[in-house]
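These protein sequence lines map, in sequence, to chains F and Y. The numbering of the first sequence is numbering that gives the first Met the number 0, which starts it at 0 and goes up by one. The numbering of the second sequence is numbering that gives the first Met the number 0, which starts it at 0 and goes up by one.
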Amino acid sequence: MMLVPCAWCGPRDAAEFQHVGEAVARPDVGSATREQWRAYLYLRANPCGWTTETWYHRMGCRKFISVERHTETNEIRAVRAAGAAQ
Amino acid sequence: MQALTNGYRQDRRRVAYPAKYSGLNLFRRGLMHQEWPPAWRHHDLKGSYDVVIIGGGVHGLAAAYYLAANHGITDVAVLDKSYLGSGGSGRNTAILRSNYLTPEGVRFYDRSIQLYRQLAADLDFNVMFSRRGHLTLAHSDASLRTMRWRAEVNKAQGVDSEVVDPAEVKRLAPFIDVSLQARYPVLGALWHPPGGIIRHDAVVWGYARGADALGVHIHQNTEVTGIDVTDGRVRGVRTTRGDIATRVVLNATAGWATLICDMAGVELPIQTFPLQAAVTEPVKPFLSTVIVSGTLHVYISQTDRGELVFGASVDPFTSYSMRGSLEFIEGLAGHVLELMPALSKVRVLRQWAGLCDMTPDFSPVMGHTPVDGFLVDVGWGTYGFKAGPVSGEAMANCIASGQTPEIIAAFGLDRFAGGVLVGEKGAAAVGH
């Protein structure tokens, strides 16, 4: 079982969470080019190593958290509230 | 546009194998106590090749084989960071089918099935293709509707598919629980007789042997560490065994596709997810078809040895980890028993995971990229193995002609910017 340490609930089973992925800022609708929309819709970092991503505690506090995870070992080293300063 | 080269034997270069695999040769070598020569040879890494293919799985080796067999390009290196077929080619559940949802997809995968049917004769290698039919179960009105749609698209493309009722499902696979007492009762199924299973290792070895006999160099344990690109054009590849100068590089990796493309500076709309599978102890043959249930996230087939192979949908989060999890096997066992309660005493022997490069529309990314000479055959998600031969044939054509063959024109990298996706989620994803 993989544990995700929720910023509010403490360590919980990963099955309670929904993986949202890399947080990407939405471009301005009026001025975005096709390439920018493509990047916003489809392009996400896919590193083999440490990555910072958003998880949603779907079956718990229902809050979004920002998680630093190693994608090869699934080790988690830092968790904070999504949007909070590092 | 160049016409599609036919993959059948009569158009091929005659391959002089070091030892032909035949009943007569088996008898003769047995009689004379002769050893068989290795199926492919070891070579020193040359300083330059016409074409370098990254990834020694079914896609990379098929591309190398068809480059040599159909186009006469034999100065080709196939690099793999581990042994041949160590990635997705050896980790899939070896199911073949062509009952997809879009006309582009159906045409493409049907060509693959045609090549697979001829493959044992083409390669002089028993790939153990077993054409046994493929049943996709519908547990809801919505999925039954999608199946009718798929059946009509298939028929329009000349592919044999039809929707059958639960009584027919019971006749084709008597161990399935089609009663209304089931948690998700079976309402019907998409019956696809040309589908089947094959021995995936044999396909990899057969292509490797065929490519080697035509002069392709196969380099195992050779990891690519960098790709040299100057002025928007590929110049060479750096590996753990030395540098190679080349003008054409094909990325035929799965799982690590985005990492290889990062080396060349090509962005891919791909996320990597593990997919787990499991196999049971062998039992007597009782299941003559491949069973798939999208609602229950499971597919089941019985190998020629009698083992039951179970597959599922991808794990719920991105990862490069290939370890199995207990949650997966618990969930899978529950779903299998929903379908076939009689299997409750069968023991699981082992489970494993492979890496799936998921694209937004569940279709692959194939062809040229903005970097001149750098081609991709990636984004194979959960459907890469069944497309091996046609991808190899099309990518070989793409490299030899410098143009994109019509059969893969819909799968270009530029479709994402243009918004012309090839939506196969309804037919390619188990968990739709």
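Glycine included, C-beta positions come from ideal geometry on N, C-alpha and C.
Using a Cβ-Cβ cut-off of 7 Å (strictly less than) and excluding sequence neighbours within five positions of residue i, which residues of its own chain qualify?
i	result
lysine 154 of chain Y	Ser160
glycine 59 of chain F	Cys5, Cys8, Arg11 and Glu15
glutamine 270 of chain Y	Thr317 and Met357
serine 88 of chain Y	Gly56, Val57, His199, Val203 and Phe384
When you compare only the Cα positions, how much space is there between residue i and residue j?
i	j	result
valine 421 of chain Y	valine 19 of chain F	24 Å
alanine 63 of chain Y	glycine 29 of chain F	47 Å
phenylalanine 361 of chain Y	leucine 100 of chain Y	11 Å
isoleucine 259 of chain Y	valine 265 of chain Y	9 Å
isoleucine 197 of chain Y	serine 300 of chain Y	11 Å
aspartate 79 of chain Y	isoleucine 53 of chain Y	6 Å
histidine 191 of chain Y	asparagine 125 of chain Y	24 Å
valine 291 of chain Y	histidine 133 of chain Y	8 Å
glutamate 436 of chain Y	valine 345 of chain Y	Examination of residue 436 of chain Y is not possible in this model, given that chain Y is present from 0 through 431 alone.
histidine 41 of chain Y	alanine 332 of chain Y	43 Å
arginine 57 of chain F	serine 47 of chain Y	53 Å
glycine 29 of chain Y	aspartate 123 of chain Y	19 Å
arginine 82 of chain F	isoleucine 406 of chain Y	What sits at residue 82 of chain F in the sequence shown is glycine, not arginine. Between glycine 82 of chain F and isoleucine 406 of chain Y, the C-alpha separation is close to 45 Å.
tryptophan 351 of chain Y	glycine 71 of chain Y	38 Å
serine 111 of chain Y	serine 65 of chain F	43 Å
leucine 118 of chain Y	proline 26 of chain F	49 Å
So, helix, strand or coil for residue i, using DSSP?
i	result
aspartate 227 of chain Y	strand
glutamine 35 of chain F	helix
tryptophan 204 of chain Y	helix
phenylalanine 450 of chain Y	The requested residue 450 of chain Y is not part of the displayed model; chain Y covers only 0 to 431.
threonine 403 of chain Y	coil
threonine 53 of chain F	strand
isoleucine 75 of chain F	strand
threonine 135 of chain Y	strand
leucine 294 of chain Y	One detail in the question is off: residue 294 of chain Y reads as threonine in this sequence, not leucine. In the structure shown, threonine 294 of chain Y sits in coil (DSSP, three-state: anything other than H, G, I, E or B).
isoleucine 217 of chain Y	strand
alanine 150 of chain Y	helix
phenylalanine 415 of chain Y	helix
threonine 145 of chain Y	helix
aspartate 242 of chain Y	strand
glycine 366 of chain Y	strand
proline 165 of chain Y	helix
leucine 186 of chain Y	coil
Can you list, in chain order, the residues of its chain whose CB lies under 8 Å from that of residue i, leaving out five sequence neighbours each side?
i	result
valine 215 of chain Y	Ala63, Tyr64, Leu66, Ala67, Thr73, Val75, Ala76 and Val77
valine 152 of chain Y	Tyr99, Leu100, Thr101, Pro102 and Val105
arginine 182 of chain Y	Glu337
glutamine 219 of chain Y	Gly55, Asp79, Ser81, Tyr82 and Leu83
glycine 305 of chain Y	Pro281, Val282, Lys283 and Pro284
aspartate 140 of chain Y	Leu186
Taking 6 Å as the limit between beta carbons, can you name the residues of its chain near residue i, skipping five residues before and five after?
i	result
proline 363 of chain Y	Gly378, Trp379 and Phe410
alanine 14 of chain F	none
glycine 187 of chain Y	Ala137, Leu143, Val162 and Asp164
alanine 96 of chain F	Here chain F covers residues 0 to 85 and nothing more, so residue 96 of chain F does not appear.
glycine 59 of chain Y	Ile52, Val77 and Ala251
proline 36 of chain Y	Pro17 and Ala18
tyrosine 298 of chain Y	Val291 and Gly310
glycine 387 of chain Y	Val57, His58 and Ala61
I want to see whether chain C comes within less than 8 Å of residue i, judged by CB atoms only; does it?
i	result
isoleucine 259 of chain Y	Annotation note: the requested chain C is absent from the structure, which comprises protein chains F and Y.
Inter-stretch contact at 8 Å, needing at least 3 Cβ pairs: the segment 69-77 of chain F / the segment 47-60 of chain F: yes
At least three beta-carbon pairs within less than 8 Å, the segment 160-177 of chain Y to the segment 218-229 of chain Y: At 8 Å Cβ cutoff, the stretches do not touch.
Every unbroken beta strand (DSSP E) inside the segment 32-119 of chain Y [3 residues or more]: 50-53 and 75-78
Every unbroken beta strand (DSSP E) within the segment 244-272 of chain Y, with a cutoff of 3 residues, ordered by chain: Listed in chain order, they are 247-250.
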